[in-house]
Structures are given as structure tokens and as C-alpha cells.
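Each remark here refers to the structure printed beneath this line.
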Amino acid sequence: MSKNNQYYIQRINELEFNPDILRLGTGELSPKLIPNHLFKEIISNSIEDSIQTNYEEPKGKIALRLEIVEYMKKRGVTCDIDNICITSGAIQGLKLIADGLLIPQSKIIIETPSYINSIHTWHNIRSQMVPLSINYIKRNINNIFKMSRDYKNSIFYCIPTLHNPTQNTYTKEQKQKIIDQCQKNGIPIVEDGVYSDLWFNANKQVPMKSLKNSDNVLYLGSLSKTVSPGLRIGWIVANKNVIRHLSDLKMQNDYGASSISQHIATKWLNTYHEKHINELKVKLEMRKHIFTEALKEHLSMYGSWDDPRGSFYIWFEFSISINVKTLFNEAVKENLLIQPGETYDSNYKNYIRFSYSYIDESDINRSLKKLSNIINKIRD
Numbered sequence: 001m002s003k004n005n006q007y008y009i010q011r012i013n014e015l016e017f018n019p020d021i022l023r024l025g026t027g028e029l030s031p032k033l034i035p036n037h038l039f040k041e042i043i044s045n046s047i048e049d050s051i052q053t054n055y056e057e058p059k060g061k062i063a064l065r066l067e068i069v070e071y072m073k074k075r076g077v078t079c080d081i082d083n084i085c086i087t088s089g090a091i092q093g094l095k096l097i098a099d100g101l102l103i104p105q106s107k108i109i110i111e112t113p114s115y116i117n118s119i120h121t122w123h124n125i126r127s128q129m130v131p132l133s134i135n136y137i138k139r140n141i142n143n144i145f146k147m148s149r150d151y152k153n154s155i156f157y158c159i160p161t162l163h164n165p166t167q168n169t170y171t172k173e174q175k176q177k178i179i180d181q182c183q184k185n186g187i188p189i190v191e192d193g194v195y196s197d198l199w200f201n202a203n204k205q206v207p208m209k210s211l212k213n214s215d216n217v218l219y220l221g222s223l224s225k226t227v228s229p230g231l232r233i234g235w236i237v238a239n240k241n242v243i244r245h246l247s248d249l250k251m252q253n254d255y256g257a258s259s260i261s262q263h264i265a266t267k268w269l270n271t272y273h274e275k276h277i278n279e280l281k282v283k284l285e286m287r288k289h290i291f292t293e294a295l296k297e298h299l300s301m302y303g304s305w306d307d308p309r310g311s312f313y314i315w316f317e318f319s320i321s322i323n324v325k326t327l328f329n330e331a332v333k334e335n336l337l338i339q340p341g342e343t344y345d346s347n348y349k350n351y352i353r354f355s356y357s358y359i360d361e362s363d364i365n366r367s368l369k370k371l372s373n374i375i376n377k378i379r380d
């Protein structure tokens, strides 16, 4: 991991909660997009209910797991409550997999650039990271894993739909080929599906977990990106033996996710989720339009990007020579916070991940204009 990666992560963590900072890269919903009025309604309607405030069972609240069974069914995944472990967000799911399934010197195959490099969840267990660029995977989709390499004790982590940070989405056929090759080589897949509900087009993307031969897929879901990060509710869908092991490990770590959050999430999924997702996608797509129009006006002379098909992010590549670390520091002086590409891989020094989900719409144009002025001042 590069020194700049550590530097950016530490500085971003320090600065994100400064109220004067305009956050051009934050990957979470704006407070304006979080349905607090509906949470208030759930809590108000629950006053007469008997809300469980003791510990829930190791796998999580049964009523919530039943709702997730239905949620996954709508997305083509057949499972039952014993295939599900409730977690305190998807990151805890990653941590449980690291602690419960990986051994020292395990090989963790990741797409690059990768969100996993920005959180270091799997970098502290003496594991060997095996980076494969997304372009390499797509070019070699029929022969991703070379026969000369030993894949014993390997696992493949991917975000196959609306990848963070690139927004790449594999086709259904590509997803199936990845599954088949991982199965052939004995490589379990960790499918991070936290953004998959945010596909703008009416044609929904299918999760890997819904495809043939996907028993080796561990699916991670969450409400953090689509509803509220403060709920801290996520889940793992996997075979029953894996879930039994991971849920036991979770109980040893924290005695389970908040019972109150689980109650709210149960009511949420039962009554509000699908309507909320449809409304949220409309709002996000409008924000995307505002952001990309401002990019065209202020930054198109400095680089390029692909039009996002969902989620939060724009993966911007500079076409000019520029020191992004200098840009980062100069932007901070102007109360702008950007997310450099090197956060996700050291080979992406000429990239920025923008996000249109958090910054207020009224701040987008002036923030990008200010960033453009800084770029013009420091460009090589």
C-alpha cells in the first residue's frame, strides 16, 4: 500500500466532518436523501408493539431475515433464513469473512482499482493481495485464472454491479463465466452487492448469487448505501455451514447487530423499501445530471469520464499532467474535499472519484468551478 494511500485516507477521515468542507467525493447519501420522516413513522407506530431490546439470536432477528429472504427472492436469489447472517453493515461482513474464513497467507484476488484498498479490512491478516485489473478480467473472461498459479486458499472479492470506484458492471454472461471459472479453481466469491439496487435503467441487473452454480458465492447486502448508513444493517447470504460459523463468530465479537436497528429494518423492508428505491433513483439521476453538466462546463478540458448508469460515482481521468496530491492539498485550503484515485490503487494517480450523492445540488457548480481554477493554477 502506497504512502499516499494512507495519507489520503487519514486526511479524508479527519476532514469529512468539518462543516465548512464541501465534499465532492463522499460515498454516502446526503442527509436530504435519508428518509428520516419514515423512520419516525416506524418508531411512532412501534410504540404499541413489543420491541425486543435484548440480544437477538446469533444469525439475527428472525423477522428481519424473513424480510431479506423476500428481498433476495425479488432479485432472483433463492435462500431461507438459515442462509442469512445479519451484520452491522457490509464492512462487518467483510471483517467476519476475513476473520472466519481466511487463514494467514490466503490469497485475496481483487479487481483493481478496488474499494477494498480504501478500507484495509483485509490488509491486516497477513494475506496476499492478488490484483487483477477490470480490463484484464474482461479481456480474458474465458481464462481469467492462469494455470501456472496456485489458487489454494484463495478468495475473489468483487463488486460486479456498479463497481466502486469505476462503475463497471459485468454483463450476465460475464458474471456467469467468472462464477464457472472460480468454481473450477475452487475459489469462493465474495459478491459485494450494496449498490445493485441503484441501477437507473428499468432493466435490473442480476446478482451473481442468482446465477447457476453460485453455491460458492457469498453475497453481501446492506441498507447503508440505499437507506441510511446510521442504521448499520447489512447481511451475508451463503451456505448454511458458512453462516453458522460466521454468526457464531459475530456473537463472540459484539453479541449481534442492534436489536432496535433490526426492528426498524424489518418494518422498513416490509413496507417502504421498494417505493423508496424508485424515488431515490430519480433523485440520484437528477443529481448526476447536474453534476455531469457542471463537469462539462468546468473540467471537460482537463479530462474525461463515462456517464454513470447508477449509484453515486463518476470516475474521472485527467488527460493533462497534474500532481493530484498537490491538487488534493490545494483543494483542502479552499474547503473542497476530493477523493484521489490512488486511494483505490497506486496505479491510478491520474484519477479522481467524484460523488454526486452527498454534496448539495446548489453547491455542485461553484465547487467544480473552484476546483477548475485550482487545476489551472497548479497544472504542470
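Every letter in the sequence shown is one number past the one before it in the UniProt record's numbering, and letter 248, counting from 1, is 248. Even glycine gets a Cβ: it sits at the ideal position worked out from N, Cα and C. The structure displayed is predicted, hence computed values, not measured ones.
Give me the Cα-Cα distance between N213 and E14, rounded to the nearest whole angstrom.
One C-alpha to the other measures close to 44 Å.
For Y115 and Q339, what's the separation of their Cα atoms in angstroms?
Rounded to whole angstroms, the gap between the alpha carbons of Y115 and Q339 is 12 Å.
What's the C-alpha gap between L231 and Y8?
Inter-residue distance for L231 and Y8 is about 27 Å (C-alpha atoms, whole angstroms).
Considering only C-alpha positions, which residue in the set M251, I81 and P31 is nearest to G100?
Answer by Cα proximity: M251.
For Q176, the nearest candidate out of S210, H163 and A202 (CA to CA)
When only C-alpha atoms are compared, the closest one is S210.
Quickly, what does DSSP pair M129 with across the bridge? List them, please.
M129 is bridged to I108.
Short Cβ contact (9 Å threshold) for G193 with G89
In this structure, G89 does not lie closer than 9 Å to G193 by Cβ.
By how many angstroms is the C-alpha of K61 removed from the C-alpha of S44?
Taking the Cα positions, S44 is about 20 Å away from K61.
Spatial neighbours of I374 in its chain, beta-carbon cut-off 7 Å, leaving aside the 5 residues before and after
So the list reads L327, E330, A331 and E334, once near-sequence residues are dropped.
Could you check where the alpha helix (DSSP H) with S154 kicks off and where it finishes?
Careful: S154 lies outside any alpha helix (DSSP H), inside the beta strand (DSSP E) at S154 to C158.
Tell me the DSSP secondary structure of V77 in three-state form.
DSSP places V77 in the coil class of the three-state scheme, outside both helix and strand.
Write down the C-beta distance between L368 and L295 rounded to the nearest angstrom, noting that I regard them as a contact closer than 8 Å.
Between L295 and L368 the Cβ distance is about 6 Å, and since that is below 8 Å, they are a contact.
Does the structure place the region 140–160 close enough to the region 303–313 that three or more beta carbon pairs sit under 8 Å?
Touching, no, given that fewer than three Cβ pairs across the two stretches are closer than 8 Å.
Any contact between the region 260–267 and the region 240–251? By contact I mean 3 or more CB pairs, one from each, below 8 Å.
Contact fails: fewer than three Cβ-Cβ distances are below 8 Å.
Just the C-alpha distance for T169 and P113, rounded to the nearest angstrom, thanks.
If I take the Cα positions, the gap works out to 14 Å.
Under 8 Å by Cβ, that's how I've got S154 and K107 pegged, so tell me the actual separation to the nearest angstrom.
4 Å between Cβ atoms; contact.
So, is P188 buried or exposed, given that buried needs 16 or more other C-beta atoms within 10 angstroms?
With 16 or more neighbouring CB atoms inside 10 Å of its own CB, P188 falls in the buried class.
Mapping the DSSP letters down to three states, classify T87 as helix, strand or coil.
Here T87 sits in strand by DSSP.
Tell me which same chain residues have a C-beta within less than 7 Å of the C-beta of P229, skipping the five on either side of it?
E28, listed in sequence order.
Could you give the DSSP three-state label for Y115: helix, strand or coil?
Secondary structure at Y115: helix, using DSSP grouped into helix, strand and coil.
When the Cα atoms are used, what is the spatial distance from A63 to R366?
Approximately 47 Å, taken between the alpha carbons.
Between the alpha carbons of N4 and G186, how many angstroms are there, rounded?
Between N4 and G186, the C-alpha separation is close to 35 Å.
In three-state terms, what does DSSP make of I338?
In this structure, DSSP gives I338 a state outside helix and strand, which the three-state scheme calls coil.
Kindly identify the DSSP beta-bridge partner or partners of R309.
According to DSSP, residue pairing for R309 in a beta bridge does not occur.
Compare the beta carbon distance of S355 and L33 with 9 Å and say whether it is the shorter of the two.
A distance of 9 Å or more separates the beta carbons of S355 and L33.
Tell me the DSSP bridge mates of I314?
Paired residue(s): F354.
Would you tell me roughly how many angstroms separate the C-alpha atoms of S261 and F318, rounded to the nearest one?
Taking the straight line from one Cα to the other gives about 42 Å.
Could you give the first and the last residue of the continuous beta strand (DSSP E) run that contains D192?
Taken as a continuous stretch (DSSP letters only), the beta strand (DSSP E) holding D192 covers I189 to D192.
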